[in-house]
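Residue numbers (the working numbering): 86 to 265. Where is the CB? At the ideal position from N, CA and C, for every residue including glycine. To start, the structure under review is shown below, and the notes come after it.
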Amino acid sequence: MVRYKFLFKIRQALSGGFLLALLLGFVACQQTREYSSSDPVVWEQHAIKHALPDGLILGSSYLSIYSEVYSQSEKRTYNLTATVSMRNISSTDAVYLLSAAYYNTQGDLIRTYFEHPIALKPLESIEIVVDEADEHGGTGANFIFEWAVAPRCHEPLFEAVMISTSGQQGISFTTQGVKR
């Protein structure tokens with residue numbers, strides 16, 4: 086008898102539109118989702134407000150990342166979070182990052198991350214996080230970094246850590262940038 090009363094109450098709720106209103110209210114309250122964590126405040130704190138020093142050596146590096154990987158077949162993919170680390174390995178000199186551009190599997194530009202050159206102090210690192218829900222990059226996403234260093238200074242190091250820990254499964258791996 087209790088079971089039938091419960092089912093009757095559910096039926097009443099459904100016929101009264103309560104559940105539909107609740108569902109619509111939930112959907113309407115969803116916020117627009119940022120797919121890539123790049124706090125503009127971080128870039129502003131590192132922005133260079135003056136001209137770059139003379140005599141810098143310009144360079145460019147490529148970094149592969151995976152916002153998703155194939156699982157079981159080429160028709161099924163598994164989303165990953167990618168942490169892109171930009172590191173100054175010099176213990177004495179600053180390095181300058183001129184641009185960070187994110188491209189998808191087809192080579193189309195998805196987004197850039199800062200509008201003005203930024204400086205990394207000796208041994209400083211900063212990150213870009215490409216969220217797990219961001220499928221824009223696909224299975225063959227890429228970053229291109231343009232940078233500048235003083236003569237005899239180490240070039241910056243670019244690495245990515247891809248990770249996912251859904252359910253009982255976990256996956257993680259890294260990639261390292263190469264000079265172009």
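Check	Outcome
Span of the beta strand (DSSP E) around Phe243	Leu242 to Ser249
Per-residue burial, Gly192 [other beta carbons within 10 Å of its own, 16 or more giving buried]	exposed
Own chain residues within Cβ distance below 7 Å of Ile195, not counting five before or after	Tyr187, Tyr188, Asn189, His221 and Gly222
Top-ranked residue by Cα proximity to Pro68, from Tyr155, Thr177, Lys134 and Ala136	Residue 68 cannot be examined here, being either before or after the span of the chain that is shown, 86 to 265.
Residue interval of the beta strand (DSSP E) (run including Leu143)	Ile142 to Ile150
Tyr155, buried or exposed, once every other Cβ within 10 Å from all chains shown has been counted against 16	exposed
DSSP-derived helix/strand/coil call for Thr190	coil
Three-state secondary structure (DSSP) of Gln261	strand
Proximity of Phe230 and Leu148 at Cβ, strictly below 8 Å	yes
Option in Leu208, Ser210, Ala185 and Ala218 with minimal Cα separation from Pro202	Ala185
Run of the beta strand (DSSP E) containing Leu165, from where it starts to where it stops	First-last for Leu165: undefined, no H or E at that position.
Residue closest to Gly140, alpha-carbon to alpha-carbon, out of Ala245, Lys264 and Tyr181	Tyr181
Buried versus exposed call for Val112 [16 or more other C-beta atoms within 10 Å across all chains shown]	Confidence is the limiting factor: at Val112 the pLDDT is only 43, short of 50, which leaves the residue's position unreliable, though a coordinate-based value still follows. Val112 is exposed by the Cβ-count criterion.
Buried or exposed (CB count within 10 angstroms, at least 16 for buried), Val215	buried
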